[in-house]
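Each remark here refers to the structure printed beneath this line.
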Amino acid sequence: MNEIELKIHQLRDALTHHNYRYYVLSDPELSDKLFDEMMAELEQLETAHPQFADPHSPTQRVGSDISKEFTQVAHVYPMLSLGNTYSEAEVSEFYERTERALNEPFEIIAELKYDGTSISVTYESGRLVRAVTRGDGANGDDVTANVKTIRSIPLTLMGDSYPESFEIRGEILMPWHVFEQLNKEREAQEEPLLANPRNAASGTLKQLNPKVVASRKLDAYFYYMMGEQLPTTTHYDNMNEARRWGFKVPDTMRKCNSLQEVFDYIAYWDVERKNLPVATDGIVLKVNALRQQKNLGFTAKSPRWAISYKFQAERAATTLNSVSFQVGRTGAVTPVANLEAVQLSGTTVRRASLHNDDIIQSLDLYIGDQVFVEKGGEIIPKIVGVDKEARFMIGDKVSFVKNCPECNTPLVREAGEAAYYCPNEFGCPPQIKGRIEHFVTRKALNIGTGPETVDAFYKAGLITDVADLYTLQSAAMLNIEGWQAKSVNNLLKSVEESKQIPFARVLFGLGIRFVGETVAKRLAINFHSIENLSEATFEQLTNTDEIGERIAQSVISYFANEKNSDLVARLKAAGLQMAIAEEQLAAQSDKLKGLAIVISGTFEQHSRDEYKTMIEQHGGKNVASVSGKTSFIVAGDNMGPAKLEKAKKLNIKVINESELLKMIQ
Ligand code: IVH
2 MNEIELKIHQ LRDALTHHNY RYYVLSDPEL SDKLFDEMMA ELEQLETAHP
52 QFADPHSPTQ RVGSDISKEF TQVAHVYPML SLGNTYSEAE VSEFYERTER
102 ALNEPFEIIA ELKYDGTSIS VTYESGRLVR AVTRGDGANG DDVTANVKTI
152 RSIPLTLMGD SYPESFEIRG EILMPWHVFE QLNKEREAQE EPLLANPRNA
202 ASGTLKQLNP KVVASRKLDA YFYYMMGEQL PTTTHYDNMN EARRWGFKVP
252 DTMRKCNSLQ EVFDYIAYWD VERKNLPVAT DGIVLKVNAL RQQKNLGFTA
302 KSPRWAISYK FQAERAATTL NSVSFQVGRT GAVTPVANLE AVQLSGTTVR
352 RASLHNDDII QSLDLYIGDQ VFVEKGGEII PKIVGVDKEA RFMIGDKVSF
402 VKNCPECNTP LVREAGEAAY YCPNEFGCPP QIKGRIEHFV TRKALNIGTG
452 PETVDAFYKA GLITDVADLY TLQSAAMLNI EGWQAKSVNN LLKSVEESKQ
502 IPFARVLFGL GIRFVGETVA KRLAINFHSI ENLSEATFEQ LTNTDEIGER
552 IAQSVISYFA NEKNSDLVAR LKAAGLQMAI AEEQLAAQSD KLKGLAIVIS
602 GTFEQHSRDE YKTMIEQHGG KNVASVSGKT SFIVAGDNMG PAKLEKAKKL
652 NIKVINESEL LKMIQ
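All letters in the sequence shown, in the order written, are residues 2 to 666 by the working numbering.
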């Protein structure tokens, strides 16, 4: 081993150790800064000496940008679910049933039931080789690339006492604080909120882009091991072994020797679980000895040696004082219940979401009702029922408003959608102001102002849309209370600077429904300019990666509206960036002019999207399916067999990525 290779190995070992201290034990020995420096050094060495690359290196956690569609994998051991119980009586029944069936002493291991998404991870020779979702229990999605970005999951194991090959099962979780932060960001973008950390975790795991997964800070707790040569004869000892190999095995599991000990565990964690960093929805009881587990066996759906007990969601009763209807930037109207303040799971609750009209209808609510609020998994508490017996002085029946509470326009409900919208896009104040507020945010045009100024300027008649920001006059601004030469100049300067903001962010700032930051970037790269985008057909749009029918339709409707195209024209005239920069365009040629190219599979050197962009930059056309008109196919790994067959039949040339790169060099 030469000096460089040795250094690389040392850095990898050290980083693996510090990663474990930080993400598994939550007990770092090193400052973040030092950790980052070591990581940067390793990255630099690995780039300079690619012959020492290793997919299990700690540098590989960041996730590549290359999207892989998931392949289905059959589980070696089916992933079963657990029988659920909801009462202590049912837990007693389980215990007594086990007693009768075994007819010998046994231990029960009590554990928390983590509320995320389950995963089965296979290790061979101490290295993570595969991670598969539950799927339908028999087959799941291979999500290895995504799972490798989760820092508390070991890529290589510690020590040397692990079996040559084994599978370990656990739960992938989004910690509460990450979930709350993510929802805050979504709220700011008026994107629909994620209902609970479980949906957030499973949605994240199914992301095609591992880079996105890496950014979401998921965690994983492990709770079961399987294989032919397990280290010990009990579940409890196996899990303790797994902890020594580097897995995050919760130290909340307890050995119970009586039913009473099981009940004590339940009672303790029913309260204490509120202080955990992740969501739990019950406890799991497992017979400890593997031999006894084997004897008890399985029913068709679940093991006979284990059961779950679900906690009751926390609930409180309070009075419904009123219901308000809020109009957002996109015109969506949200009903919110205003409640008499009540304590629930340690916080004071004054408002609860009523979601939509269907929910209001099914609750049959009256103002003044005693309602039950619950905070199960969701951040915003919800009303789950009405105490009809307690109804005595009945108020008005709650029904969804028919007209916009802000501008009185009749509301509309689109087919297939639960929400009502105010269609008065250009006349409804919260929509107008909301669009301007969105336009000036940091991630869009980054104009140094906020909702208060937008409101004041709007009321004074200075701005009615985002283009008005570019014709603001100091004299008129100085007339507004609290505005002086200095604040006026600062704002004008900031408006001027926004003319340099890249096209993708301008596009995001327009606030086209469903066009968030990522979609805006994708559209900018694929269509280059606002002109191209405004002329794009539904097909061209949906042929773009990550652009589905919903987004395509929204883009088309946006540009079909004359008011929007006028607005865009005014912004362009004001000098905003309405196309991607020259340097990006300079890479263009017509080497692929007139060619219809199908790109299929996954690639090593660039992502599929990057290849699509390159093809367009060189004048080629990306087509989705193979036909007689296809010029050639660029095939990566795992290209669909149907496509390959069709190509053969039609005698269409198939090339690899290096050949494509050569063509455009
Ligand atoms: S054991 C054969 N232990 O609950 C037994 N499962 O309904 C396999 N879960 O799919 C499961 N915490 O996603 C087990 N401590 C725990 C668990 C747990 C959460 C989930 C798991 C499973 C579901 C069963």
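Every residue gets a Cβ at the ideal spot worked out from N, C-alpha and C, and that includes glycine.
- Burial state of Leu26 is exposed, judged by a 10 Å Cβ sphere holding fewer than 16 other Cβ atoms.
- Burial state of Asp252 is exposed, judged by a 10 Å Cβ sphere holding fewer than 16 other Cβ atoms.
- Annotation note: the region 358–434 contains the following uninterrupted alpha helix (DSSP H) runs of length 4 or greater, listed N- to C-terminal: 358–364.
- The three-state reading of DSSP puts Gln45 in helix, counting H, G and I together.
- Excluding residues up to 5 positions away in sequence, Ser93, Tyr96 lie with their Cβ nearer than 7 Å to the Cβ of Leu260 in the same chain.
- In this chain, Arg351 is not harboured by any alpha helix (DSSP H); it is covered by the beta strand (DSSP E) spanning 348–354.
- Rounded to the nearest angstrom, the Cβ distance from Leu129 to Val122 is 6 Å, consistent with a contact under 8 Å.
- Taking the Cα positions, Lys654 is about 36 Å away from Gly136.
- DSSP places Met226 in the strand class (E or B) of the three-state scheme.
- In this structure, Val328 and Leu366 do not form a Cβ contact; the two beta carbons are roughly 21 Å apart against a cut-off of 8 Å.
- DSSP, read as helix, strand or coil, puts Leu651 in helix.
- Taking Ser58 as the centre and dropping the five residues before and after it, the same chain places the C-beta of Arg13 closer than 6 Å to its C-beta, in chain order.
- With contacts defined by Cβ atoms closer than 8 Å, Gly117 and Glu172 form a contacting pair.
- In the structure shown, the three-state DSSP call for Ile284 is strand.
- Collapsing the DSSP output to three states places Tyr115 in a strand.
- Cβ contact annotation for Phe440 (same chain, cutoff 6 Å, sequence separation greater than five): Leu446, Val467, Gly510, in chain order.
- Membership of Glu497 in the alpha helix (DSSP H) is indicated by the continuous run 486–498.
- For Arg523, the CB contacts under 8 Å within the same chain, skipping 5 residues up- and downstream, are Thr545, Asp546, Glu547, Ile548, Asp610 in chain order.
- Straight through space, the alpha carbons of Asn104 and Arg98 are spaced by roughly 10 Å.
- The DSSP-derived three-state label of Tyr266 is helix.
- Excluding sequence positions up to five before and after Tyr421, its CB lies within less than 6 Å of the CB of Val334, Leu412, Arg414, all in the same chain and listed in chain order.
- In this structure, Ser82 has its CB closer than 7 Å to one or more heavy atoms of the ligand IVH.
- Only exposed fits Gly417, as fewer than 16 other CB atoms lie within 10 angstroms of its CB.
- In terms of side-chain proximity, the C-beta atom of Val516 is found no nearer than 7 Å to any non-hydrogen atom of the ligand IVH.
- Relative to the ligand IVH, the beta carbon of Leu113 is positioned inside 7 Å of a heavy atom.
- Tyr237 carries a helical assignment under DSSP once its states are collapsed to helix, strand and coil.
- Taking a C-beta distance under 8 Å as the contact criterion, Thr235 and Leu297 do not qualify as a contact pair.
- A distance below 8 Å separates the beta carbons of Leu492 and Gly449.
- In this structure, the straight-line span from the alpha carbon of His19 to that of Met240 is close to 22 Å.
- In the three-state DSSP reduction, Gln52 falls in the helix class (H, G or I).
- In the DSSP assignment, Tyr310 falls within the beta strand (DSSP E) that extends over 307–311.
- Only buried fits Pro155, as 16 or more other CB atoms lie within 10 angstroms of its CB.
- Judged by their CB atoms, Glu100 and Ser126 are not nearer to each other than the 8 Å cut-off.
- Membership of Ile5 in the alpha helix (DSSP H) is indicated by the continuous run 4–20.
- When beta bridges are read from the DSSP output, Asn339 appears opposite Ser323, Arg352.
- Contact annotation: Val279 and Pro176 have beta-carbon atoms nearer than 8 Å.
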